[in-house]
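With the working numbering as the guide, the letters of the sequence shown map in order to residues 1 to 290.
We put the beta carbon where it would ideally sit given N, CA and C, even for glycine.
Remarks on the structure that follows.
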Amino acid sequence: MFHSALVCTDFSDGLDRLTGCIANLVQGGLSRIVFFHSVPLWTEGNIPRIDKEKVAAAQAHLSKALTQVPAGADVKVEIVSGNALDNIPQVLEQYQCDVILVGTPIKNLIQEKMFGSTSLGLIKSLKKPIMILRPQIVSTYTCEELALRCRHLWRYLLLPYNGSDEAKYLIEQVKTFAKNAPQGAIANCFLLSVFDNSGIQRIQIEYLQKEAEEKLAKVKGELEALGLTVKTAVKIGNPLSETLDIAVKEDISAIAIASKPRNQLLELTVHSYASDLLHRSWFPTLFFPM
1 MFHSALVCTD FSDGLDRLTG CIANLVQGGL SRIVFFHSVP LWTEGNIPRI DKEKVAAAQA
61 HLSKALTQVP AGADVKVEIV SGNALDNIPQ VLEQYQCDVI LVGTPIKNLI QEKMFGSTSL
121 GLIKSLKKPI MILRPQIVST YTCEELALRC RHLWRYLLLP YNGSDEAKYL IEQVKTFAKN
181 APQGAIANCF LLSVFDNSGI QRIQIEYLQK EAEEKLAKVK GELEALGLTV KTAVKIGNPL
241 SETLDIAVKE DISAIAIASK PRNQLLELTV HSYASDLLHR SWFPTLFFPM
């Protein structure tokens, strides 16, 4: 689905293991892969300065990615000192990466555990898709399992759709990237509409289902016109539970969502669907900030 990726790792999230899966990532469609790690400045003295020892160690650790690069692929390693929030835009600009891969949940980004400060400004200014791979999962994969996952990061996407501005934006983004996607990188989509049963009267259900099916049919046609295989479903129940149930049953590669950053990154509402999905699901999540 994407041609280039910036892989941000703090070495505790498991994403540094992707250095051993370059050939598999290339099979999944990526032709340019940039590994990024930020080393904090050494501050024990009076003047902060580059921690050369840690920089060298990080460079050696990630340079494994450079040993077996398939023909036609471009792999880079960027080790920077200082605040990652200040350096990521420069790296993205230099390499023109399509998507950012992170292993730390977005909730932790808010808590300043990865980038050193809130990344709300970064997300708002760049509006780059973010692929979230849970450390709890990536770190426990065998090498064989991780290699297979890298070949199919975006092959089958689950697209929650309720007709909102966020849902429409999600579809437009998927269509844009699918039009120019490497062959085989994305093949299937599942359009899912879920009505929360806590606020629906029985007499409304039939009407709402019919209306949702018509909306899904229209979007399905748009995606099929791009050569994608598309399934649809309308469910009544808890949105998060129904989404995860479909993700398991359909063997989904990743769940894609779009949302608007508000006062804090993804702190939309107390019980927003996007926030719940990102904080409570271990499925790989492709997030499109608006």
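Helix, strand or coil at residue i [DSSP, three-state]
i: Thr118; result: In this prediction, Thr118 scores a pLDDT of 34, lower than 50, which makes its location untrustworthy; no coordinate-derived value is stated.
i: His3; result: coil
i: Cys97; result: coil
i: Ile110; result: Confidence is the limiting factor: at Ile110 the pLDDT is only 42, short of 50, which leaves the residue's position unreliable and the question unanswerable from this model.
i: Lys260; result: coil
i: Ser275; result: helix
i: Lys127; result: coil
i: Ser38; result: strand
i: Ile50; result: coil
i: Thr140; result: coil
i: Tyr161; result: coil
For residue i: DSSP bridge partner residues
i: Asn188; result: Tyr156 and Thr229
i: Val26; result: Per DSSP, none; premise fails for Val26.
i: Ala285; result: Looking at the sequence shown, residue 285 is not Ala but Thr. In DSSP, Thr285 forms a bridge with Ile132 and Ile255.
i: Ser235; result: One detail in the question is off: residue 235 reads as Lys in this sequence, not Ser. Looking at the DSSP assignment, Lys235 forms a beta bridge with Val194.
i: Val102; result: Cys8 and Ile132
i: Ile33; result: Ala5 and Val75
The beta strand (DSSP E) enclosing residue i, as first and last residue numbers
i: Asp196; result: Unbroken run through Asp196: none, as it is neither H nor E.
i: Val69; result: It is not in any beta strand (DSSP E) - Val69 carries neither H nor E in the DSSP assignment.
i: Glu44; result: Premise fails: Glu44 is in no beta strand (DSSP E) and is neither H nor E.
i: Lys76; result: Asp74 to Ser81
Residue span of the alpha helix (DSSP H) that contains residue i, given as start and end
i: Ser253; result: Ser253 -> no alpha helix (DSSP H), and no H or E assigned at all.
i: Phe11; result: Here Phe11 belongs to no alpha helix (DSSP H), and DSSP marks it neither H nor E.
i: Glu172; result: Asp165 to Lys179
i: Gln183; result: Here Gln183 belongs to no alpha helix (DSSP H), and DSSP marks it neither H nor E.
i: Cys143; result: Cys143 to Arg151
Burial state of residue i, where buried means 16 or more other Cβ atoms lie within 10 Å
i: Thr142; result: exposed
i: Ser12; result: exposed
i: Thr176; result: exposed
i: Tyr273; result: buried
i: Tyr207; result: exposed
i: Gly103; result: buried
i: Asp16; result: buried
i: Thr19; result: buried
i: Ser193; result: buried
i: Val248; result: exposed
i: Leu6; result: buried
i: Asn24; result: buried
i: Ile22; result: buried
i: Ser259; result: buried
i: Ala58; result: buried
i: Arg280; result: exposed
Mind the definition here: the stretch 203-211 touches the stretch 167-181 only if three or more C-beta pairs lie below 8 angstroms; say whether that holds. At 8 angstroms Cβ cutoff, the stretches do not touch.
contact_flag[the stretch 45-65, the stretch 77-86] where n(CB pairs < 8 angstroms) is 3 or more: Pairwise C-beta distances place the stretch 45-65 in contact with the stretch 77-86, as three or more of them are shorter than 8 angstroms.
Can you confirm whether the stretch 146-154 touches the stretch 23-39 when touching is taken to mean that 3 or more C-beta pairs between the two stretches lie within less than 8 angstroms? With the cut-off at 8 angstroms, the stretch 23-39 and the stretch 146-154 touch.
Would you call the stretch 223-240 and the stretch 127-146 in contact, with 3 or more CB pairs under 8 angstroms? Contact between the stretch 223-240 and the stretch 127-146 is absent, because fewer than three Cβ pairs lie under 8 angstroms.
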